[in-house]
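Number of protein chains: 2
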Amino acid sequence: MSNGLIYRLEQLEILNSEDFRIIDTLLVAQRDIPEHSFIINEKHAQQYIHFVLKGWAIKYKTLENGDRQIVNFVLPGDIISIYSPIFLNAEHTVESITDMRLGYFSSGLLLETMRNAPRLAVALMWMAGQDERVLEEQIVRVGRRRSTKRMAHLLAELFRRQRLAGFSYEQARLLPLNQLLLSDALGLSHIHAHRVFRELDKIGLIARTHNTIELLDIKSLVAFSDFDESYLEAIVNPTMIKILKPS
Amino acid sequence: MSNGLIYRLEQLEILNSEDFRIIDTLLVAQRDIPEHSFIINEKHAQQYIHFVLKGWAIKYKTLENGDRQIVNFVLPGDIISIYSPIFLNAEHTVESITDMRLGYFSSGLLLETMRNAPRLAVALMWMAGQDERVLEEQIVRVGRRRSTKRMAHLLAELFRRQRLAGFSYEQARLLPLNQLLLSDALGLSHIHAHRVFRELDKIGLIARTHNTIELLDIKSLVAFSDFDESYLEAIVNPTMIKILKPS
DNA sequence: CGTATATTTGAAAGCTGTCAACACTTGTGG
DNA sequence: CCACAAGTGTTGACAGCTTTCAAATATACG
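So the protein lines, in turn, are chains A and B.
Residue numbers for the first sequence follow my numbering, so the first one is 5 and each next one is one higher.
Residue numbers for the second sequence follow my numbering, so the first one is 5 and each next one is one higher.
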């Protein structure tokens with residue numbers, strides 16, 4: 005598992021070697037940041053598009069009263085807010101929760117790429133669409149699932165997303181999360197998140213160590229949470245592919 | 005208020021007359037559909053990109069147990085799931101809740117436009133980004149706001165979105181919604197939604213008639229719900245505009 | 001006019017948040 | 001290496017919010 009983004013794009017099976025060469029040029033600019041760094045700041049302008057080579061971040065919004073709601077987790081292989089440069093000010097904050105390695109490129113380069121590399125444009129749109137699907141699932145989760153299954157469902161998603169970024173089964177079982185982060189993501193008080201934790205613990209689905217959650221039984225976790233991974237599937241509509249290759 | 009999409013794009017101030025001419029060609033294909041029609045079907049392939057000329061729809065996902073969660077409302081001036089054609093199967097359903105007039109165009113045309121009209125491409129990305137912002141706000145709403153303010157916050161958003169699509173103040177005060185729809189959107193039981201309704205009624209924020217909610221006091225509604233409209237702002241980052249016009 | 005859909009009510013149960021302490025871990029500086 | 005501070009995790013009790021159940025009423029539509 006070297007580069008989650010490339011791994012994901014390979015799965016799509018729409019890019020050719022020239023496309024990957026272009027991606028290589030995007031990979032030039034990289035930087036390492038420590039835990040608790042801000043990548044995007046609410047109410048601030050954003051110039052670059054980032055993508056994650058290593059580490060995790062959270063994307064959240066802060067309320068009037070200081071509460072925060074984590075909107076999504078940002079994993080290796082994810083692009084961070086592809087749209088940010090379009091807007092004057094960001095509406096959410098993106099903050100690292102582990103050490104990270106990021107790649108980044110300018111919005112101008114994005115536009116150029118969308119223009120000159122139609123397959124890459126579709127791939128990027130696919131990434132953005134994927135992101136939207138994850139957000140929608142988060143709405144369903146928070147709106148319609150009870151705390152325990154809500155937590156389990158999120159954990160199942162995060163496992164699956166790590167797998168889709170090329171993590172091995174064993175690696176993907178480990179999530180760099182704690183109680184606070186999960187309660188802020190699930191719309192629960194941290195005290196109730198603790199109750200939920202204990203319950204999942206008791207039925208043998210998870211184990212916890214400092215800042216790491218270990219998924220002990222993926223199959224049961226998926227069944228218990230009614231997790232249906234179809235919204236994460238990495239398949240491009242064949243019609244779209246036909247349009248790309250009008251041979 | 006003739007065409008909400010054009011109205012919104014005009015506000016962006018990045019398109020020129022040639023761009024609007026291209027849009028005109030996209031406007032050729034239109035159809036009218038009655039209330040309760042399916043525009044996109046969960047688990048079905050999607051070929052066209054739709055946009056709303058008239059009427060409202062809901063975008064929702066159905067759970068294992070038959071519950072549904074409305075993920076977003078679809079209003080005049082909105083594009084319906086710009087990404088749909090990329091995926092093999094839709095992950096949500098879009099269903100009209102009033103009579104509607106839709107425009108539609110093929111995914112091939114979308115790609116071509118993104119390629120040949122960079123300003124339009126940015127405009128479309130802006131639309132998609134706007135959509136994502138609305139989803140994120142919905143997550144915050146459902147995750148971190150209590151029922152009454154949650155409802156008020158959503159109503160304030162919908163008013164604002166109608167205004168941004170060119171509705172007059174008086175028109176935008178009317179929402180074609182009922183109790184069931186709002187409870188499914190807010191993650192509440194319809195019984196609790198009813199309690200909330202009565203409360204908003206009592207403090208004079210709304211009035212209800214058959215399938216229409218009337219907002220009586222926008223200012224108080226916004227204040228009561230801590231509604232901050234900044235996530236809906238129609239401003240493109242100047243840097244982006246500069247990139248488009250490298251004069 | 002009857003049926004289906006939507007709204008309304010009251011009561012009870014259940015889930016989740018809040019409060020107030022306390023314990024534990026980690027990282028820092030002496 | 002120890003002590004302390006800060007952050008995170010843990011507990012129990014209780015209040016409050018929301019769902020569920022059961023049933024009645026209203027409204028729309030054919």
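The beta-carbon is built from N, C-alpha and C at its ideal position, and this holds for glycine as well.
Which residue comes first and which comes last in the alpha helix (DSSP H) that contains residue i?
| i | result |
| --- | --- |
| E46(B) | First-last for E46(B): undefined, no H or E at that position. |
| E203(A) | H194 to K206 |
| I222(A) | I222 to F228 |
| S88(B) | Run containing S88(B): none; DSSP gives neither H nor E here. |
| K153(B) | S151 to L168 |
| Y11(B) | G8 to L16 |
| K246(B) | P242 to L248 |
| F24(B) | S21 to L30 |
| E218(B) | It is not in any alpha helix (DSSP H) - E218(B) instead sits in the beta strand (DSSP E) that spans T216 to L219. |
| E174(B) | Y173 to A176 |
| D188(B) | Q183 to L190 |
With distance defined between alpha-carbon atoms, name the residue in the options nearest to residue i.
| i | options | result |
| --- | --- | --- |
| L67(B) | I245(A), T243(A), S229(A) and K249(A) | S229(A) |
| E22(B) | S85(B), L209(B) and P122(B) | P122(B) |
| I26(A) | L162(A), S187(A), L236(A) and L114(A) | L114(A) |
| L219(B) | L181(B), I90(B) and I247(B) | L181(B) |
| Y173(B) | L30(B), A160(B), H40(B) and Q183(B) | A160(B) |
| L225(A) | R119(A), K246(A), S6(A) and A211(A) | A211(A) |
| R12(A) | L184(A), I239(A) and D232(A) | I239(A) |
| K249(A) | I62(A), Q15(A), N20(A) and K65(A) | N20(A) |
| R72(A) | T243(A), T213(A), K206(A) and L184(A) | L184(A) |
| E14(A) | L158(A), K206(A) and L128(A) | L128(A) |
| V109(B) | H214(B), Q51(B), L162(B) and D205(B) | The residue you asked about is not Val; residue 109(B) is Phe in the sequence shown. The candidate whose alpha carbon is nearest that of F109(B) is Q51(B). |
| N69(B) | E237(A), M244(A), F231(A) and T243(A) | F231(A) |
| N45(B) | S100(B), I10(B) and L30(B) | S100(B) |
| A33(A) | E39(A), I53(A) and Q166(A) | I53(A) |
| L9(A) | H40(A), F91(A) and Q166(A) | Q166(A) |
| T117(A) | T243(A), S6(A), F171(A) and F24(A) | F24(A) |
| D188(A) | F91(A), D205(A), R119(A) and L158(A) | L158(A) |
| I207(A) | I245(A), M244(A), A156(A) and P242(A) | A156(A) |
| I18(B) | K47(B), L124(B) and F201(B) | L124(B) |
| V78(A) | K223(A), S193(A), D135(A) and L209(A) | D135(A) |
| T176(A) | I247(A), E39(A) and I222(A) | Residue 176(A) is actually Ala in this sequence, not Thr. Taking only the C-alpha atoms, the option nearest A176(A) is I222(A). |
| L82(B) | S193(B), I247(B) and A169(B) | Note that residue 82(B) is Asp in the sequence shown, not Leu. Measuring from the Cα of D82(B), the nearest candidate turns out to be A169(B). |
| D28(B) | N7(B), D205(B) and K246(B) | N7(B) |
Please state if the CB of residue j and the CB of residue i are separated by a distance shorter than 8 Å.
| i | j | result |
| --- | --- | --- |
| L190(A) | R154(A) | yes |
| V56(B) | I37(B) | no |
| V126(B) | I43(B) | no |
| N93(A) | A49(A) | yes |
| P89(A) | S111(A) | yes |
| K65(A) | N76(A) | no |
| E95(B) | Y87(A) | no |
| V146(B) | I74(A) | no |
| R164(A) | E233(A) | yes |
| T216(B) | L179(B) | yes |
| E203(B) | L139(A) | no |
| N241(A) | F91(B) | yes |
| L30(B) | W130(B) | no |
| R119(A) | R119(B) | yes |
Could you give the residue range of the beta strand (DSSP E) that holds residue i?
| i | result |
| --- | --- |
| S110(B) | M104 to S110 |
| D4(B) | Past the boundaries of the shown model lies residue 4(B); chain B is included only from 5 to 251, so the question cannot be answered. |
| S100(A) | T97 to S100 |
| Y235(A) | Segment: none, Y235(A) is in no beta strand (DSSP E) and carries neither H nor E. |
| R212(A) | I210 to T213 |
| R72(A) | R72 to V78 |
| A121(A) | Counting along the chain, A121(A) falls outside any beta strand (DSSP E), and DSSP gives it neither H nor E. |
Do the segment 58-76 of chain A and the segment 101-111 of chain A touch if we need at least three Cβ pairs shorter than 8 Å?
yes
Name, going along the chain, the residues of the segment 234-245 of chain B whose beta-carbon falls closer than 8 Å to a beta-carbon of chain A.
S234, Y235, E237, I239, V240, N241, P242, T243 and M244
Decide if the segment 139-155 of chain B is in contact with the segment 186-202 of chain B; the criterion is three or more beta carbon pairs, one per stretch, under 8 Å apart.
yes
Quick one, which residues of the segment 94-121 of chain B are near chain A if we go by CB-CB under 8 Å, in chain order?
E95, H96, S111, G112, L115, M118 and R119
Any residues in the segment 67-86 of chain A with a beta carbon nearer than 7 Å to a beta carbon of chain B? Which ones, in chain order?
L67, E68, D71, Q73 and V75
Cβ-based contacts, 7 Å cut-off: residues of the segment 137-157 of chain B near chain A
R137, L139, E140, Q142, I143, V144, V146, G147 and R148
At a Cβ cut of 8 Å, what residues of the segment 219-230 of chain A count as close to chain B, listed as they run along the chain?
D230
Residues of the segment 45-65 of chain A with a CB closer than 7 Å to any CB of chain B: list them in chain order, please.
A49, Q51 and K65
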